[in-house]
Amino acid sequence: MRKLLHLSRALSAVILGGCLALSPIVDRSVVGQEEGKPKQGKTDEAEKANDAPKAVKPKEAKQAKANQERARARAANDAARREQASRLFDAMRESWNLESALEKGRGELGRNQSRLAEASKAANAAREAANAAPDDKPKADKAAAATDAEKQATEAVENAKRQVAEQSGKLNEAMDTVATLEADLLGGLKLIPSKDWDYEKARHLLARAGFGGTPSEIQALVDMGMYKAVQYVVEYHERPTANLELDVRPQSRGPAYEQYLSGMARQELQQRQRRNFRNQIADMRKWWIRRMVESPRPLEEKLTLFWHDHFAVNFRDFNDPYLVHSQNQLFRRYADQFNGLLHGIVQDPAMIRYLDNHTNRKGNGNENLGRELQELFSIGEENSANHKPNGYSENDVREASRALTGYTYDAPTGQFRFLGSRYDETPKDVLGKKGNWSGDEVVDILLQHPSTANYVSKKLFEFFVHRNPKPETIDAIAHVLRSNNYELRPMLRNLFMSEEFYGAEARAAHIKSPAELMVGTIKTLGIKDVDYARIDAACQTAGHALFEPPNVAGWDEGQAWITSKQLLDRYNFVAELVDQRNVDILATLTDGAEFRSAEEVVDHLIRRCLVLDIGADKRKAMIDFLGEIPPSSEWTVRRDEINARLKAIVVMLLGSPEYQVS
Amino acid sequence: MSRSFLDSGSRRAFLARGLGAIGVGAAIPEFVLRTAAAAPEPAESADRVLVVVQLSGGHDAISALVPYGHEEYAKVRQATRIADDQVLKINEELGLHPNLKGWKELLDQGAFAAVPGVGYPNTNYSHFTATEIWFAADPKGRDVGSGWLGRACDACLGEHRDQIPMIAVGTEKSPLSLSGKIQAAVCFNDPQSFRYRGDRNDPRRAELYKAMSQSVPEGAPGSVEWIARASAVANDASARIRRLASSYASKVDYPTTGLGRNLRVIAGLVSGGLGTRVYWTSIGGFDTHRGQRQRHDTLMTQLNDAIFAFQNDLAQQGQADRVVTITMSEFGRRVKENGSEGTDHGAAAAMFLFGSKLKAGVHGTHPSLTDLQGGGGGSLKHTVDFRSVYGTLLDGWLGVSSESVLGASFPGVDLLA
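The structure is reproduced here in structure tokens:
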């Protein structure tokens, strides 16, 4: 029953969210598109058209007709959705029934199996007794009867097994139907059939939605089946979070006597404080990377990394670790809720400080936050008035910035603060909506803009799947995102089961970011006792210094990670990681596996580390390099020597173009 | 069957043996085959070098090339104003920031030029988009997918990938301006750290590393093949650059700033005959929304000292006639100061050029401080399109058709002697 829990939850979301909430939200987006035109006038004209048809000009009549048609289409759409929802419910009911039937079948099988065990025991005893007394006819008859009973019990078990297999096949089909109907109803992407779920796909899911894992972690996902595996990854709230806390406190003011100190002493004091900040930032980096490695919720950390790039803030601009830490926790808390995030970010002290909104006041504006809020965080520059008729304009930037006046923070406590005295209380016109908007009301207006869900969905797709999505693919997942009020999980569940996610275009198409590369190496090889300061240094050198994105647009992803210098950095740092003295590759490798030859070792490593075939030439070069190696049962006696040789071959494998992609 | 991206040493040997002898098959990547054709005739311009110094953040050029002769200057600028008696005067209208003494000296030597009012229509006020527009030399910015200098190198070198056409110093990451459709830049912070260490100086490991990093099996996805090529270029470039940088001896003292260090590296590579046509480096901190005066003064000192040392060094190394250095920034800043004693994002700004082959002096007049353009309300109108400056350097200095790189013809600026 638990297996279907998420489906029933999804259904209630669909029925409640889809049929009731969904329609208004979709309507709102339609309204949003019309917002640029004088909507009020249009409605009046339409009403006039109904009241006095004769006096109507042809143009107005046309408009009234168009309105009627739109209403009819909407009604038809609602009816179709109701129909879909009831079909989905029927399918779910069927799968529930099948699941109960399967449970019954399993019970029956169990009972038959114990009956068989008893029958076998009795038959064995009877046969033994008959054998002991060859001439005893009654005993021989009894043995024959017991053997017959045993045979019958065996048949019953076989029957029950067949039935269970049949039932679970039916259940899988029913669940496929449910998932397909759900995807249809949500307007999401087409799913792959659950019977295609295998090791490669599970590995792909764990690499993209997390940071990869060991073969046994991947196998666990395979064994769950697709639905449960995706649920396991996406519904991470059902598990405890990483038990790794870090205490970062608000920046304290200098001591009261500071002003009485000599220039030199004061300077020393300030230098010391700066050093403390630097150390705290370094601690935070190590803490976060360690979370990526150890968290039982890898998707949570992956999304946090995504939002850090989306809402990129560079701590060097203000040097306050507490603000950076609070922001990082904001990303984690709302990792799967864009709605909460966008509201959170305009009240986020780190962002306010980074984009100068603490200086944004009535009459002396600062447009930095007002601009990026639209250009980078919600609607996207590609959807600005420069490119789209309903996009935001320079005027909207100015007006939104006025709405954000007074949004500042209190430095000693590091908390958000609204200062009414700085607030520009005159009416604003943001994206055609007029009112005396506050900053948060502007966020609501941005969330209603039809481009916002598409812009965010496209970035998510590029992050998780590949960088060349079709517009209709983005439309589909954006629709799921918007109709779930910007909650990410339904959309991610759909995405992580979709044809696009596992398609040829997605395979090996993602160039790992340095953090993904380093964390992924630790996880794939199951490396213990990691020196996180070194991992942090590696990420920084290879162009991925956490909390220090290059600018407010975040990191350029994909091929931009690979410059000549950074490519060598990547090869160097994975080599250094594996070459560390305390790394025991031998233990990692022999965990549940046996090897008889160099070929088997190399093949295992290729399969474990790469998503691609490396080709015969490189495989042979590796086997030659590794040379004669005894079977793994004999490794422990030559542990150090074998470990060194294994490390060398792993280093070589990781220094390949194939290892740079997932 | 694998595709191997050979390092230049073995590639040269391989080409010398002749392609026919080995048998031209699918194993040889196309670009290597094309490399086998004779290299283009070296023109005189093929020896010339362009160095770009990016002033990142949007430079308030009004405070560097000061329009002290405009009577409105004193009205619009208070906290950031450079007093008349501090300005290093060039003419009745314009003068340099007092910390730019070295630049003034270069001007007097005939090796400094300034072009005021450089910009483009429909200014974009976002750092990122505007930077991308300058880098791409196209209003579409990064959607173009390549940068003007990358395309220039594409035009010069075509498919010849065994060269190091562009180097970015002081960055881990190639700027868009140096991304060609074919050619790419090498970039590093420190030339000596630019090497592979996983081989632990063991020849067997070094050999396997090369095989692993520079070849991919036939039919590998594009992303992977692309990385294998990048590996071959990186391994080769690493060897050459470390050799040149470690042997460079300069008689000039550079300032110990990031920019000073980077320009010194560039001087060494230029003098060592690396054959690289384009160098790029940057200095940040120009996004002066708050408390501009002090920060900008410091930046002027840093710029002045580093570029002055660089020009002197090139002259001493006998390289001065080969090199033109320019500065660019994504935009200028508003004419009027904001409420935080700083300036917000603006439009047109001056560009600065250095080199003995320039026509020294100020080219054109400063845009009006009162006849301004909209957008944010109150930015300088441009009098020269930045692509006119680019075009002049492409046609007249790098010897590449500006029309092919910029996609259109822009009127030149009479900058080159």
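Residue numbers (the numbering used here), protein chains in the order written: chain A, 1 to 662; chain B, 663 to 1079. Just so it is clear, CB atoms sit at the ideal spot from N, CA and C, and this is done for glycine as well.
Status (buried if at least 16 other CB within 10 Å, exposed otherwise) for GLY363/A | exposed
Would ALA814/B pass as a contact of LEU1060/B if the rule is Cβ separation under 9 Å?
-> yes
Residues in the segment 601-619 of chain A having any Cβ partner in chain B nearer than 9 Å | LEU612, ASP613, ILE614, GLY615, ALA616, ASP617, LYS618
Short CB-CB distance (under 9 Å) between LEU386/A and chain B | What sits at residue 386/A in the sequence shown is Asn, not Leu. Yes, contact with chain B.
Output yes or no for whether 9 Å exceeds the beta carbon distance between VAL1062/B and VAL777/B.
-> no
Every unbroken alpha helix (DSSP H) inside the segment 401-475 of chain A [4 residues or more] | 439-448, 450-464
Looking at C-beta atoms only, is the number of pairs between the segment 55-66 of chain A and the segment 114-127 of chain A that lie closer than 8 Å three or more?
-> no
Test: GLU375/A CB closer than 9 Å to a CB of chain B = yes
From the DSSP output, read off the bridge partner residues of CYS539/A.
-> DSSP, once it has assigned bridges, lists no residue as partnering CYS539/A.
Would you decide whether HIS237/A is buried or exposed? Buried here means 16 or more other CB atoms lie within 10 Å of its CB.
-> exposed
Give the residues of chain E in contact with ARG361/A, contact being defined as C-beta atoms less than 9 Å apart.
-> The question asks about chain E, but that chain is absent: this structure's protein chains are A and B.
Consult DSSP for GLU300/A and reduce its assignment to one of helix, strand or coil.
-> helix
Does DSSP classify GLY169/A as helix, strand or coil?
-> helix
To the nearest whole angstrom, what separates the beta carbons of VAL940/B and PRO827/B, a pair I think is in contact under 8 Å?
-> 7 Å
At a CB-CB cut-off below 9 Å, which residues of chain B make contact with GLU367/A?
-> TYR787, ASP1006, HIS1007, GLY1038
Among ALA61/A, GLY406/A, SER513/A, VAL230/A, which one has its Cα closest to the Cα of ASN494/A?
-> VAL230/A
For chain A, is any of its Cβ atoms less than 9 Å away from the one on VAL714/B?
-> no
Identify, in the order they occur along the chain, each residue of the same chain with its Cβ nearer than 8 Å to the Cβ of SER120/A, setting aside the five sequence neighbours on each side.
-> GLU150, ALA153
Spatial distance of LEU811/B from GLN740/B (CA atoms) | 39 Å
Please look up how many angstroms separate the CB atoms of TRP288/A and ASN314/A, rounded, as I've assumed it's under 8 Å.
-> Wrong, their Cβ atoms sit about 15 Å apart, outside the cutoff.
Hey, quick one: how far does the beta strand (DSSP E) through THR943/B stretch, first residue to last?
-> 940-945
Apart from the five residues just before and just after GLY554/A, which ones in its own chain have a Cβ nearer than 6 Å to its Cβ?
-> ASP309, ALA312
Among HIS1007/B, LEU1078/B, SER912/B, GLN845/B, which has the Cα closest to the Cα of LYS1019/B?
-> LEU1078/B
Rank ALA1010/B, ARG859/B, GLY809/B, VAL1046/B by C-alpha distance to the C-alpha of GLY1036/B and give the top, closest one.
-> ALA1010/B
Which term fits VAL637/A, buried or exposed, when burial requires 16 or more other beta carbons within 10 angstroms of its beta carbon?
-> exposed
For ALA847/B, which beta-bridge partners are listed by DSSP?
-> MET828/B
Taking the Cβ atom as the reference point for each residue, do LEU717/B and THR950/B lie within a distance shorter than 9 Å?
-> no
Quick one: Cα of LYS1090/B to Cα of GLU375/A, how far?
-> Residue 1090/B lies beyond the residue range present for chain B, which begins at 663 and ends at 1079; the question has no answer from this structure.
Cut-off 8 Å between Cβ atoms - residues of its own chain near ILE379/A, not counting five sequence neighbours on either side | GLY391, TYR392, LEU446, HIS449, SER451, THR452, TYR455
Are any of the Cβ atoms in chain B nearer than 9 Å to that of SER656/A?
-> yes
Tell me whether GLY188/A counts as near the ligand NAP, meaning its Cβ is closer than 8 Å to at least one heavy atom of that ligand.
-> Ligands in the displayed structure: none, and consequently the ligand NAP is not present.
Whole-angstrom distance between GLY169/A and ARG162/A, CA atom to CA atom | 10 Å
So what's VAL780/B in DSSP terms, helix, strand or just coil?
-> strand
Measure the C-alpha to C-alpha separation of LEU762/B and ASN966/B and round it to an integer number of angstroms.
-> 5 Å
Could you tell me which chain A residues have their CB closer than 9 Å to the CB of HIS951/B, listed as they occur along the chain?
-> ASP356, THR359, ASN366, ASN368
For a contact meaning CB atoms closer than 7 Å, what does GLY543/A contact in chain B?
-> GLU834, LYS835
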